[in-house]
Amino acid sequence: MKIKDHFLTQEVFEIKETDTKGVFKTSPIPSNISKYYESEDYISHHQDSGSLKEKLYKFLQSFNLQYKKTILIDRIKKGSKVLDYGCGAGEFVKYIENDFDTFGFEPDADARKAATSKIIKAKIIDDIQNIEDQSLDAITLWHVFEHIENQDEMLEIFNKKLKEKGLLIIAVPNPTSYDAKHYKEYWAAYDVPRHIYHFSKNGMENLISKKPNWKMRKIKPLVLDSYYISMLSEKYKKSPLFWLKATVHGTISNIKALFSNEFSSLIYIIEKR
């Protein structure tokens, strides 16, 4: 499938299935990938412009933050050591810092500065090697794993940093959801070339099953993602009443997913063996 970078450059990329069935990769990956993040509208780093898109993002984010924290609280004790990998501007780190011994890793200097300005107790780092081996109870990646090209290497590092039976929690978009199939090449969660990999539910299960150090424990939905992704997709299509159409198709996606489990985004809760 050929996908345009609707967000920034309008360049066209191709998505091809990898050796792992259900896992797809963007091709080609630009050597200067950092330039594809250089926009004031890139919402992970810039959230204060007051646009409708960002207001909706912040509204949905408040619900998602509580939901994500609940996933941790249900599985690990308060005070446990948690790393949010790719913490961006630090919203999740800030949200959980009073409940856990919290770290945030962020490679981008501007985002790291924004995160540092928000937090009180948590620590923001720029090198995961600064974390002691076998010290973490959980590592979270909220819509980050799809941006990582050297995934095998990073999975080894995560395994090294987690305690025995520590949790790796990965949230990624699902290209076999209803909204992905409906919007096709306009589906905003393809987000090429920033999203290097794309995982169907079966694809992520296949990837983890190949790794002897990991075991899939649970798959949970991110229900609200369908609405935000649908809104962006409608805007890429230049649809009139994009917000209304996004609400309709986001709702259809979630209703269908109640039966298929193919939600717009999925959270994979993975345990270190």
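Mapped onto this note's numbering, the consecutive letters of the sequence shown carry residue numbers 1 to 273. Note that CB positions come from ideal geometry on N, CA and C, so glycine has one too. Just so you know, these numbers come straight off a predicted model, no measurement behind them.
Go ahead and pull the three-state DSSP assignment for residue i.
i	result
K160	helix
D137	strand
T9	coil
L155	helix
L100	For the sequence presented, residue 100 should be read as Phe rather than Leu. It is coil, neither helix nor strand.
H46	With a pLDDT of only 47 at H46, under the threshold of 50, the placement of this residue in the model should not be trusted; the figure read from the coordinates follows. Reduced to three states, the DSSP call for H46 is coil.
A188	helix
E146	helix
G166	strand
K55	helix
Taking C-beta to C-beta, are residue i and residue j nearer than 8 Å?
i	j	result
G166	D137	yes
I71	I267	yes
K283	D99	In the structure displayed, the chain extends from 1 to 273; residue 283 sits before or after that span and is not available.
K21	N206	yes
I124	R112	yes
R217	I270	yes
L60	L244	no
Mind checking which residues open and close the alpha helix (DSSP H) that includes residue i?
i	result
I252	F242 to S260
S80	Looking at the DSSP string, S80 is not in any alpha helix (DSSP H), and its letter there is neither H nor E.
Y183	Y178 to Y183
K274	Only positions 1 to 273 of the chain appear in this structure, which leaves residue 274 out of reach.
Taking the beta carbon of residue i as the centre, do at least 16 other beta carbons fall within 10 Å, making it buried, or is it exposed?
i	result
S34	exposed
D110	exposed
K215	exposed
R273	exposed
F274	What is shown of the chain runs 1 to 273, which leaves residue 274 out entirely.
H45	Confidence is the limiting factor: at H45 the pLDDT is only 46, short of 50, which leaves the residue's position unreliable, though a coordinate-based value still follows. H45 is buried by the Cβ-count criterion.
G88	buried
N150	exposed
G90	buried
D127	exposed
K181	exposed
F199	buried
P240	exposed
M1	exposed
Would you give the residue range spanned by the beta strand (DSSP E) that residue i belongs to?
i	result
S287	Not covered by the structure: residue 287. The range shown for the chain is 1 to 273.
Y268	S265 to K272
Y197	Y197 to F199
T26	V23 to S27
M1	Here M1 belongs to no beta strand (DSSP E), and DSSP marks it neither H nor E.
P30	Neither: P30 is in no beta strand (DSSP E) and is coded neither H nor E.
For residue i and residue j, which I take to be in contact (beta-carbon distance under 8 Å), what is that distance rounded to the nearest angstrom?
i	j	result
Y183	S233	4 Å
V172	E146	5 Å
A246	S230	4 Å
I15	Y190	7 Å
V93	A122	5 Å
I'd like to know whether the C-beta of residue i is nearer than 8 Å to at least one C-beta of chain B.
i	result
Y228	The structure shown contains no chain B; it holds only a single protein chain.
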